[in-house]
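Remarks on the structure that follows.
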Amino acid sequence: MTRIVLATRNHHKAVELRYFLRDLDVEILCLDEIPEEIELKEEGTTFSENALQKARIVHQRTHLPALADDSGLEVFYLNGAPGVFSARYAGEPTDDAANNAKLLAEMRGVPPRRRGAQFRSVLALVADGFEEVTEGACTGRLGESPHGMNGFGYDPVFLPDGFNRTYAQLSADEKNRISHRSKSFAKMREVLRRRFAIG
Ligand code: ITT
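So in my numbering, spot 145 of the sequence shown is number 145, and the numbers just go up one at a time.
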């Protein structure tokens, strides 16, 4: 059976990726299950560079196919911020509530029609002899205050198009049907089918 390592330290992302992989004939490993300590660095300026950097290091160290996600929220009024800095927008260590508070403060008084935003997810799969990258986006708008308890990160402040609820007010199944990550994974599913004959 094909084994794939999830090159992420974000538990919430790992849960979503496992959900997308659930019906495939693969064994999924997490970084916690790898005996050696691997540091995931993100030194690039784009989601793709960062996703590739994370997948490459994990592949190099484990010799297994490695799947990484680099993602974030781009607010059009803020010229794409927080973007690649989404995780550490309010500083380090990552603090979701502080990130949301900072973003809502930046957007205070901005009218609804100018609150457009998109979540983006770039997935990188690095294995023996190849690298593949897929992308997905979900457009929507920023709310005025956080709503909902599900999910993680900016979920409480993002209302996807077609919904009057935030990502954090959707069930996991609902989010996973429409999310940026579901879209990047749908393309990655085709890659897995082609490269490993699974899916
Ligand atoms: P890894 O690098 O270990 O995968 P990370 O959380 O540091 O974990 P990123 O650098 O890709 O990953 O940062 C992504 C940030 O973007 C994440 O911490 C959230 O703040 C935000 N984000 C990404 N996808 C999200 C989602 O589905 N819902 C809410 N916020 C999300």
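From the three backbone atoms N, C-alpha and C, an ideal C-beta is built for every residue, glycine too.
Comparing alpha-carbon positions, the option among S179, F196, R194 and L104 lying closest to L17 turns out to be S179. For S184, the shortest separation between its Cβ and any heavy atom of ligand 1 does not lie below 6 Å. Taking a C-beta distance under 7 Å as the contact criterion, T134 and G148 do not qualify as a contact pair. Straight-line measurement puts the Cα of S71 at about 19 Å from the Cα of E174. Taken through DSSP and simplified to helix, strand or coil, G83 comes out as helix. The beta carbon of G116 is closer than 6 Å to those of F76 and R141 in its chain, skipping five residues each way along the sequence. In this structure, the beta-carbon distance from P65 to A127 falls below 7 Å. Under the three-state reduction of DSSP, P160 is assigned to strand. In the DSSP assignment, A68 is bridged to A124. Residue pairing by DSSP places L73 opposite F119 in a beta bridge. A straight line joining the alpha-carbon of K54 with that of L40 spans about 6 Å.
At least one heavy atom of ligand 1 lies less than 6 Å from the C-beta of N10.
For the pair S145 and D69, the CB atoms are not nearer than the 7 Å cut-off. Distance from the Cα of H63 is smallest, within the candidate group N10, L6, Y89 and E92, for L6.
Between F20 and L73, the beta carbon gap of about 20 Å keeps them out of contact (Cβ cut-off 8 Å). G91 and E106 have their C-alpha atoms some 15 Å from each other. Going by beta carbons, C30 and A51 fall outside the 7 Å limit.
Apart from sequence neighbours up to five positions away, the residues of its chain that approach T139 with a beta-carbon distance below 6 Å are Q118 and D161, ordered along the chain.
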